[in-house]
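Below is one structure; the comments refer to it alone.
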Amino acid sequence: MQASALVKSGVSCCSSSGFQNRRVLGESGRRLGLGKLRMTERSGFCGLSFGSEIMETEMRRVRLGFDGVSRSSANYKSLKTHAYDEDVGDVVPAKPNNKSSGTVLPFVGVACLGAILFGYHLGVVNGALEYLSKDLGILENTVVQGWIVSTLLIGATIGSFVGGTFADKFGRTRSFQLDAIPLTVGAILCATAQSVQTMIIGRLLTGLGIGISSAIVPLYISEISPTEIRGTLGSVNQLFICVGILAALVAGLPLVGNPAWWRTMFGISMVPAVLLAVGMAISPESPRWLYQQGRLPEAERAIKTLYGKDRVVEVIQDFTAASQGSVEPEAGWSDLFSSRYWKIVSIGAALFLFQQLSGINAVVYYSTSVFRSAGVASDIAASALVAAANVFGTTIASSLMDRQGRKSLLTISFCGMAASMLLLSLTFSWSALAPYSGTLAVLGTVLYVLSFSLGAGPVPGLLLPEIFASRIRAKAVALSLGTHWISNFFIGLYFLSFVNKFGISTVYFGFGIVCLLAVLYVARNIVETKGRSLEEIEQILSATA
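With this note's numbering applied, the sequence shown covers 337 to 881.
Structure, rendered in structure tokens:
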């Protein structure tokens, strides 16, 4: 019975030697006004180093300009910077302050239907599991119930890799339309299942769908968003995942009076899946992808729709500067592990690994049972409070992303998570706190989830499409998300075993240690990307390779 309750509560959401490298950027770097760059790189955590600890950048009398573009020099600012102990990304050429006159928000909203489905399918089984188990005759079989929960994660792992391939081959919008197929079919199978086999196949297909969504939603949003609001729009992805989870919890409210309502809960997810396919049919393709495919007229039309006709020449020139001198085709999977790219690709995988090993899904999977064991009277209300804290924190993060910056939010987030885990560990181990264990368990979990939602939750999905070169972007994001889903699956699978063997206090303490290691990793390896175009970021990081 305890195992059943635990499963039911599931909802989710290092260089070996130092070197010194001094180079002068090529033609595209000169066009962006970048001078000589000198960087000292030291060994990083786990053998990874990104040179973000000590570097000097000297820029004298720099002016931004592009040949062949008729633009007043008054739109460009001179930049003279002498920086010590800063990330190379902290030194940014000034950009003309051209406001976009196009329309981006509706298309971001369409893409976020994929994020809503992501969260919904993660959370829908939370309330429905007990009732579908009765209908399918597996109420006492916690192993099969566990497979119904975890099959979604297996499908999502596969989907995250497929999503990267689809995005490169078919484009971003067409990939969304293809993604709607398993999302719709899977929802139908789950809603009409009369056997465990049908339910598992349906969950596998919906998992495939949300895995594809997890790869292409942040990719598409980052590529169509104007630089000045890309952080805010990028974090909207995580916000809508949280909204999807909350919607799943709300959708389960009628279950008490109508036990067969669980079928409707799965069935109604077809609606946003169909809307996603229809919406992407009228949404512009990523202009960056179109440019890479040599489809310049279509890229210009997409830019005009997204940013307005006044910015077409500017954006195309950005693409040209970023890709100048490179006629390379899209990277293959093996290229991600080459010496040229592995250092930056490993950062993406490491961020998601830290995200999962910090305990977020273990906490949310089993929060209800933990609250119950701590003597909380209303474990359902406590879980709803945790979900509300997730939405609230992500909303705050959205407003801070382009002001506070990605790196600082990550640092604050992991520090808060470490402190919360320490509180939870003490709650379950220190006898003096036993009379307050229920209150402290809820408080610690809410603070943990709130800290997570401020940075560790939304930042990786936003940061990775920014730091990956356009040639590897789709596949590198997919690989990073694959790391996310695989680690998510194994943590969910073995969490109970570790708790039974070592105790909940020790496990929570271990999560806290991982959070502290993540703080050190972020300080040594992550660059700040706020306020820069993807092309600027790519050129800066290419210079440090």
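Cβ coordinates follow ideal geometry from the N, Cα and C atoms, glycine included.
The way I'd put it, the region 683-697 does touch the region 822-841; three or more beta-carbon pairs between them come closer than 8 Å. Annotation: A792 is outside any alpha helix (DSSP H) and is labelled neither H nor E by DSSP. Excluding residues up to 5 positions away in sequence, L468, L472, I484, L525, C526, A529 lie with their Cβ nearer than 8 Å to the Cβ of M535 in the same chain. When the beta-carbon positions are compared, L746 and V858 come within less than 8 Å of each other. Comparing alpha-carbon positions, the option among V440, A492, M606, T865 lying closest to G543 turns out to be A492. A Cβ-Cβ separation of about 4 Å places C851 in contact with A754 under the 8 Å criterion. Here I696 carries a helix assignment [DSSP, helix/strand/coil]. Where R539 is concerned, the enclosing alpha helix (DSSP H) starts and stops at 532-560.
For N462, the enclosing alpha helix (DSSP H) begins and ends at 441-472. Runs of the beta strand (DSSP E) lying entirely within the region 799-873 and spanning at least 3 residues: none are present.
In this structure, the CA atom of R809 is about 15 Å from the CA atom of E872. The straight-line gap separating the alpha-carbon atoms of G797 and G774 is approximately 33 Å.
Distance check between A724 and each of L585, L488, I546 places L585 closest, using alpha-carbon atoms only. According to the DSSP assignment, S761 belongs to the alpha helix (DSSP H) that extends over 742-763.
Under the rule that a run must span 4 or more residues, the alpha helix (DSSP H) segments found entirely inside the region 615-659 read 623-628, 632-643, 648-659. Taken atom to atom, the span from the alpha-carbon of V592 to that of V461 is near 15 Å. Contact fails between the region 511-525 and the region 568-583, because fewer than three Cβ pairs, one in each stretch, are under 8 Å apart. The beta carbons of L626 and A638 sit closer together than 8 Å.
Two segments are said to touch when three or more pairs of C-beta atoms, one from each, lie closer than 8 Å; by this definition the region 666-684 does not touch the region 726-745. Relative to L693, the option among Y830, T487, S549 whose CA is nearest is Y830. When secondary structure is reduced to three states using DSSP, S675 falls in the coil class, being assigned neither helix nor strand. Across the structure, V479 and V835 are spaced so that their CA atoms are roughly 18 Å apart. In the structure shown, A667 falls within a coil segment according to DSSP collapsed to helix, strand and coil. Contact between the region 779-794 and the region 668-682 is not established, with fewer than three Cβ pairs separated by less than 8 Å. Across the set C751, L769, L475, L815, the C-alpha of L815 shows the shortest separation from the C-alpha of P801. The residue among L575, A464, L759 with its C-alpha nearest the C-alpha of F845 is L759. For I581, the enclosing alpha helix (DSSP H) starts and ends at 566-587. With contacts defined as CB atoms closer than 8 Å, P608 and L453 qualify as a contacting pair.
Excluding its 5 nearest sequence neighbours in each direction, I537 has C-beta neighbours in its own chain below 7 Å: L525, listed in chain order.
For G463, the CB contacts under 7 Å within the same chain, skipping 5 residues up- and downstream, are L585, G588, L591 in chain order. N726 carries a helical assignment under DSSP once its states are collapsed to helix, strand and coil. One Cα belongs to Q533, the other to M601, and the distance between them is close to 19 Å.
The straight-line gap separating the alpha-carbon atoms of F764 and L779 is approximately 13 Å. For A523, the enclosing alpha helix (DSSP H) begins and ends at 508-528. Taking the C-beta atoms as reference points, V727 is found no nearer than 8 Å to V863.
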